């Protein structure tokens, strides 16, 4: 670092520290609050006095995301030339803190097996506690695929873009499925796939808050509803294959611009799956602990083949979106339809694996 750059950096760092100190002093001067000595609101979220210094190293600049379990801030790392990072502040509620601790352990596991982040999974840069809140630090990314869809008015992306996104997510899922890694993500959806750079199609899988080891299931009802696999809905024991189901749903949405199964509840979800894929095989229904919630005994008798709507949903029958563009002919849509259909097999053991999908002709 040259002397001029170093001087500029020191000036910026000193200013940020002064502003954070003044904000902290202002907070201390306020009357004591009801929650966590005045540091939290009623929802267990930390009330940040921006800019505020965390962990003696990071200065929070602005909130950039809010979830059920945490808030995410854009922050500067004062120990790394003021680099921008994403800092996740978990709610102080006991169950959320326990879940965050489990997430930290899983992220550290990923870091041991992929220290350089070559497999398109988010990397945990740091973790610490601040006034009763677990804090996690990540590389600052540039918007989710959901936000990208929104920016395109939910008109969807061409197959070339979908293929690139699929490659990176499959690379991540193949890594997670390795025996020595053995992590089920359990919440694959457009919101959890982030662009590494705003001008390129390289993405990372984020948010391992619902994840678990393949041999140690922590939760029984997981995955966001639109991307929830039959195993979870029907109460069947689950494996890494649930992530492939979610990916299949997501790829259709990325191309069409609309969720494949926009269900209002679990019953509606099953109805929508049957409407697109046909009835589950009899053995799947028979082995489902929750089958009585969704199926009559007569439903077990036969499983008709999937209706033509499955192929129409993929665009294979019409080569609709981008039909005149290179790579959007009927043959390519047939490959895309087969690619996704193999992810949406009711039988988890028959579902295509990430490694197999990476070698599919569509890719």
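Residue numbers (full-length UniProt numbering): 1 to 363.
Positions of the beta carbon are idealized from the N, C-alpha and C atoms, including for glycine.
Because the structure is a prediction, the values reported are computed rather than measured.
Residues bridged to residue i [DSSP beta-bridge criterion]
i           : result
residue 129 : 134
residue 195 : 203
residue 212 : 184
residue 160 : Paired residues: none, contrary to the question.
residue 40  : 35 and 46
residue 54  : 58
residue 155 : In DSSP, residue 155 forms no bridge with anything.
residue 334 : Paired residue(s): none; residue 334 is not in a bridge.
residue 349 : DSSP output for residue 349 lists no bridge partner at all.
residue 144 : 194
residue 296 : BP columns for residue 296 are empty, so no partner.
Identity of the residue in the options nearest residue i by Cα
i           : options               : result
residue 245 : 256, 258, 257 and 225 : 225
residue 214 : 191, 186 and 227      : 186
residue 232 : 70, 167, 202 and 291  : 291
residue 364 : 279, 192 and 173      : The structure shown does not extend to residue 364, since the chain is modelled only from 1 to 363, so the question has no answer here.
residue 194 : 253, 133 and 144      : 144
residue 192 : 98, 67, 133 and 262   : 67
residue 363 : 346, 165 and 179      : 165
residue 294 : 266, 343, 282 and 283 : 266
residue 241 : 349, 360 and 128      : 349
residue 335 : 168, 344, 249 and 360 : 360
residue 243 : 33, 53, 357 and 271   : 357
residue 57  : 141, 255, 182 and 128 : 128
residue 156 : 237, 74 and 251       : 251
residue 247 : 352, 44 and 197       : 352
residue 279 : 52, 75, 50 and 345    : 345
residue 130 : 338, 97 and 286       : 97
residue 264 : 283, 228, 237 and 281 : 228
residue 136 : 146, 99, 338 and 281  : 99
residue 199 : 343, 255, 236 and 141 : 141
residue 216 : 44, 340, 182 and 134  : 182
residue 365 : 61, 341 and 332       : Since the first and last residues shown for the chain are 1 and 363, residue 365 lies out of range.
residue 101 : 212, 52 and 51        : 212
residue 337 : 256, 230, 268 and 269 : 256
residue 230 : 297, 268, 201 and 204 : 268
residue 236 : 203, 339, 42 and 347  : 347
residue 41  : 53, 132 and 296       : 132
residue 167 : 134, 196 and 202      : 202
residue 44  : 52, 33, 54 and 51     : 33
Beta-carbon separation (whole angstroms), residue i vs residue j, contact threshold 8 Å
i           : j           : result
residue 138 : residue 86  : 5 Å
residue 104 : residue 46  : Rounded, the Cβ-Cβ distance is 17 Å, inconsistent with contact.
residue 354 : residue 170 : 5 Å
residue 116 : residue 175 : About 12 Å separates the two Cβ atoms, so there is no contact after all.
residue 93  : residue 70  : Not quite, the Cβ-Cβ distance comes to about 11 Å (not below 8 Å), so this is no contact.
residue 234 : residue 177 : At roughly 22 Å, the Cβ-Cβ gap does not stay under 8 Å, so residue 234 and residue 177 are not in contact.
residue 249 : residue 260 : 5 Å
residue 190 : residue 258 : The Cβ separation is near 12 Å, so there is no contact.
residue 65  : residue 72  : 4 Å
Any non-hydrogen atom of the ligand MN within 7 Å of residue i CB
i           : result
residue 265 : Questions concerning the ligand MN fall outside what the structure shown contains, since it holds no ligand whatsoever.
Cβ of residue i within 8 Å of any chain D Cβ
i          : result
residue 83 : Considering every chain present, this structure includes no chain D. It has just one protein chain.
Taking 8 Å as the cut-off, does the region 80–90 touch the region 146–161 (at least 3 CB pairs, one atom from each stretch)? no
Which runs of the alpha helix (DSSP H) spanning at least 4 residues fall entirely within the region 56–128, listed in chain order? 94–113
The region 205–213 contacting the region 121–139, beta-carbon criterion three pairs below 8 Å: yes
Is the region 153–160 in contact with the region 326–338, if contact means three or more CB pairs nearer than 8 Å? yes
Cβ contact check for the region 275–289 and the region 210–224: 3 or more pairs under 8 Å: As far as the Cβ criterion goes, the region 275–289 does not touch the region 210–224, which means the pair count is below three.
Is the number of C-beta pairs between the region 32–49 and the region 100–112 that are closer than 8 Å three or more? Counting Cβ pairs under 8 Å, fewer than three are found: no touch.
Contiguous beta strand (DSSP E) assignments of at least 3 residues, all confined to the region 232–281: none
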